[in-house]
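Worksheet: one structure, shown below.
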Amino acid sequence: MDELDLLVIGGGITGAGVARLAARNGFRVALLDRGDLMSGTSSVSSHMLHGGLRYLEHLRLGLVGESLGERAAVSRMAPALVQPRRFLVPLYRGGRLAPWKLRLGLQLYDWLAGRRGLAPHAMLRPREALALEPDLAPEGLLGAGLYSDVVMDDGRIGIAVARDAADHGAAIHTYTEVTGARPGGATLEVLARDRLGGGERSFHTRTLVVAAGPWADAVRAMLTRSLTPGAPEPPALLRPSRGVHLVYPALTRSHALLLTARADGRVFFVVPFSDRALVGTTEVEVSSPPPADAWRASPEEVRYLRAELRRALPGVAGTAPLAVFAGVRPLVASQAEVGRASREHHVLEQHPIYTVIGGKYTTFRVMARDALAPIARRLRRGDDRLADPEAPLPMPLGAGRAPDAIAEHAVAREFARRLEDVLRRRSALWLAPDRGRVAATVVARVMGEKLGWSDERRREEIQAYESALFEEDALLDRAREDA
Numbered sequence: 002m003d004e005l006d007l008l009v010i011g012g013g014i015t016g017a018g019v020a021r022l023a024a025r026n027g028f029r030v031a032l033l034d035r036g037d038l039m040s041g042t043s044s045v046s047s048h049m050l051h052g053g054l055r056y057l058e059h060l061r062l063g064l065v066g067e068s069l070g071e072r073a074a075v076s077r078m079a080p081a082l083v084q085p086r087r088f089l090v091p092l093y094r095g096g097r098l099a100p101w102k103l104r105l106g107l108q109l110y111d112w113l114a115g116r117r118g119l120a121p122h123a124m125l126r127p128r129e130a131l132a133l134e135p136d137l138a139p140e141g142l143l144g145a146g147l148y149s150d151v152v153m154d155d156g157r158i159g160i161a162v163a164r165d166a167a168d169h170g171a172a173i174h175t176y177t178e179v180t181g182a183r184p185g186g187a188t189l190e191v192l193a194r195d196r197l198g199g200g201e202r203s204f205h206t207r208t209l210v211v212a213a214g215p216w217a218d219a220v221r222a223m224l225t226r227s228l229t230p231g232a233p234e235p236p237a238l239l240r241p242s243r244g245v246h247l248v249y250p251a252l253t254r255s256h257a258l259l260l261t262a263r264a265d266g267r268v269f270f271v272v273p274f275s276d277r278a279l280v281g282t283t284e285v286e287v288s289s290p291p292p293a294d295a296w297r298a299s300p301e302e303v304r305y306l307r308a309e310l311r312r313a314l315p316g317v318a319g320t321a322p323l324a325v326f327a328g329v330r331p332l333v334a335s336q337a338e339v340g341r342a343s344r345e346h347h348v349l350e351q352h353p354i355y356t357v358i359g360g361k362y363t364t365f366r367v368m369a370r371d372a373l374a375p376i377a378r379r380l381r382r383g384d385d386r387l388a389d390p391e392a393p394l395p396m397p398l399g400a401g402r403a404p405d406a407i408a409e410h411a412v413a414r415e416f417a418r419r420l421e422d423v424l425r426r427r428s429a430l431w432l433a434p435d436r437g438r439v440a441a442t443v444v445a446r447v448m449g450e451k452l453g454w455s456d457e458r459r460r461e462e463i464q465a466y467e468s469a470l471f472e473e474d475a476l477l478d479r480a481r482e483d484a
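Just so we're on the same page, the working numbering is the position in the sequence shown counted from 1, plus 1.
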């Protein structure tokens, strides 16, 4: 392969954002991920493109203002994958949030959004709040705040960002695991293997960006061992935490809810998404690098969310969750409690390696600019004024398309290489009443034809998907039995 200006390790939203910005500014760039695009943290968020109203409580005004600006920009870039929503914030007697404090916070949120804002906030009386959402717990209800934010399809926006990078010259390599690196004069030689097709590859690059999310410490340690044998392991940069979400049938009359857990005072959300409701999230610290089971929800976390939902919406207490998913946040290491850890990002410069840590999905364009600016200066491509237009991202397939059309498009245009890639991250088929089991057969057949799968490989893909669903169902059953 020709010499690259930049190699990006990590195909989540941060890595895809860096690759997109680099390609749009004329860099020769490739992106590698050991799994599918968006298969880590970037497709298991709360599905909100938001400023972070709760960060105002910790006076992170800069982060909130920046995020609100990016909320508007990304909404313009991917209009088919976002939806403005009104969020209801119930207020209860004896609650941790006083009405005056919420009013002030909502006023500040609108002010920070400025002309980029959505519908302005309002304060509601109890009967007005119950008229909007009758299933709210009425006892002790003092009223509610009402404000606007954006619900998004996180995985599919990330895929669109990667497509934009590829359309401008970036090479995208999924299921390609970096195994080592060695110096080569003015470049690094990065070694990798194809985890699906087999075979080894090497990439020669002038600079390297580690955008591996919760795996950033592991990737840095591997590169250190390869490039400087015998050197001490680099210190951990991250203090990750797991967040769990439950998927329910629709729970509200179109509103999202921002709620306070009675058990521990944590904020959690009910977010309408694709005719379903996402309820979350939890905050459980995990080690860095995270072990394999860090992405598995525990029965305790499921019971916690179910109990808090019953308190907040007693009218839907008998409704059972349909699915559960968990993600690991790549939080920057700090002395603060994990629930109060900063969502700001940092770029660690150790030329020719640049590591991006922390951050939030909404500000992926800001993270990309901050990562690429010093590289542009070092490669003598000018200063850090990078062109970052708010041009529309490549459009996804329209809603209601048949599974075979979805599969064809996913393979041809969206880098899909496994059945799960299509069902979970390039469509909403996993949210169907049967969780995509029927569609899986059709999708596997089409992918097999396009990718040259054997009959055995097709069966293995279907079995792997069904096994993952069985594990989810077993966890939900266990949490219900243990309650």
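Using N, Cα and C, we set each Cβ at its ideal position, and we do this for glycine too.
Could you round the C-beta distance between residue i and residue j to whole angstroms and report it? I think they count as a contact, below 8 Å.
i       : j       : result
Leu-50  : Val-75  : 6 Å
Leu-32  : Ala-17  : 7 Å
Leu-432 : Val-248 : 7 Å
Lys-361 : Gly-115 : Not confirmed; about 20 Å, so no contact.
Arg-196 : Glu-178 : 5 Å
Gly-437 : Thr-175 : The Cβ separation is near 20 Å, so there is no contact.
Arg-117 : Gly-144 : Contact flag wrong, Cβ pair sits at about 27 Å.
Leu-89  : Glu-140 : Contact doesn't hold; Cβ gap of about 17 Å is too wide.
Pro-1   : Pro-331 : An answer regarding residue 1 cannot be provided, because it is not within the stretch 2 to 484 covered by the chain.
Would you tell me roughly how many angstroms separate the C-alpha atoms of residue i and residue j, rounded to the nearest one?
i       : j       : result
Ala-408 : Arg-226 : 40 Å
Phe-471 : Pro-290 : 27 Å
Phe-270 : Leu-306 : 10 Å
Arg-312 : Leu-131 : 15 Å
Gly-156 : Ser-43  : 6 Å
His-205 : Ala-213 : 19 Å
Gly-186 : Gly-200 : 25 Å
His-59  : Glu-457 : 54 Å
Ala-400 : Ala-257 : 22 Å
Arg-418 : Arg-427 : 11 Å
Arg-72  : Thr-363 : 6 Å
Ala-120 : Val-439 : 40 Å
Arg-254 : Met-223 : 49 Å
Gly-266 : Val-285 : 15 Å
Pro-85  : Trp-112 : 18 Å
Arg-164 : Glu-415 : 7 Å
Leu-142 : Arg-104 : 16 Å
Leu-67  : Ala-429 : Before going on, a small fix: residue 67 reads as Glu here, not Leu. Each residue's Cα considered, the two are about 30 Å apart.
Trp-101 : Asp-136 : 24 Å
Leu-82  : Ser-40  : 18 Å
Keeping to the same chain, check which residues put their C-beta closer than 7 Å to that of residue i; ignore five residues upstream and five downstream.
i       : result
Ala-298 : Val-245, Val-325, Ala-327, Leu-476
Ala-492 : A question about residue 492 goes unanswered here, because the residues of the chain that appear run from 2 up to 484.
Pro-353 : Leu-189, Arg-207, Thr-208, Leu-209
Arg-25  : His-169, Ala-388
Ala-79  : Ile-158, Ala-161, Leu-394
Ala-441 : Leu-420, Leu-424, Ile-463, Tyr-466
Glu-473 : Ala-324, Val-325
Arg-55  : Val-268
Val-447 : Asp-405, Ala-408, Glu-409
Arg-263 : Glu-309, Arg-312
Between residue i and chain C, is the shortest Cβ-Cβ distance under 8 Å, so that the two count as touching?
i       : result
Leu-143 : No chain C appears in the structure shown, which is made up of a single protein chain.
Quick one: residues in its chain with C-beta nearer than 6 Å to the C-beta of residue i, no 5 flanking neighbours on either side, listed in chain order?
i       : result
Gly-181 : Leu-192, Ser-227
Ser-46  : Asp-155, Tyr-362
Ala-219 : Pro-290
Glu-234 : Ala-222
Please list the terminal residues of the continuous alpha helix (DSSP H) segment that includes residue i.
i       : result
Phe-365 : 365 to 379
Asp-422 : 420 to 426
Thr-320 : Here Thr-320 belongs to no alpha helix (DSSP H), and DSSP marks it neither H nor E.
Gly-18  : 14 to 25
Thr-442 : 438 to 452
Val-412 : 404 to 414
Val-220 : 217 to 228
Which two residues bound the contiguous beta strand (DSSP E) that contains residue i?
i       : result
Ser-203 : 201 to 211
Leu-125 : 123 to 125
Ala-193 : 188 to 195
Gly-359 : 354 to 359
Asp-6   : 5 to 10
Ala-31  : 30 to 33
Val-348 : 346 to 351
Tell me which residues share the same chain as residue i and place their Cβ nearer than 8 Å to its Cβ, disregarding the 5 neighbours each side in the sequence.
i       : result
Arg-29  : Asp-3, Glu-4, Leu-5, Asp-6, Leu-7, Gly-170
Tyr-355 : Thr-208, Leu-209, Val-210, Val-211, Val-348, Leu-349, Ala-372, Pro-375, Ile-376
Arg-370 : Leu-22, Asp-385, Leu-387, Asp-389
Arg-61  : Gly-53, Ser-343, Arg-344, Glu-345
Arg-183 : Leu-189, Glu-190, Leu-192, Ser-227, Leu-228
Asp-150 : Met-49, Leu-50, His-51, Gly-52, Leu-54, Arg-72, Pro-85, Arg-86, Phe-88, Leu-119, Ala-257
Just checking residue i against the ligand FAD - is the residue's beta carbon closer than 7 Å to any of the ligand's heavy atoms?
i       : result
Asp-276 : Because no ligand of any kind appears in the structure shown, any question about the ligand FAD cannot be addressed here.
| Quick one: complete beta strand (DSSP E) runs, 3+ long, within the segment 236 to 309? | 242 to 250, 257 to 261, 268 to 274, 277 to 281
| task | List in chain order: all unbroken beta strand (DSSP E) runs of 3+ residues lying wholly within the segment 115 to 186. | result | 123 to 125, 142 to 153, 172 to 174, 177 to 185
| query | In chain order, which beta strand (DSSP E) runs of at least 3 residues are fully inside the segment 46 to 118? | reply | 83 to 93
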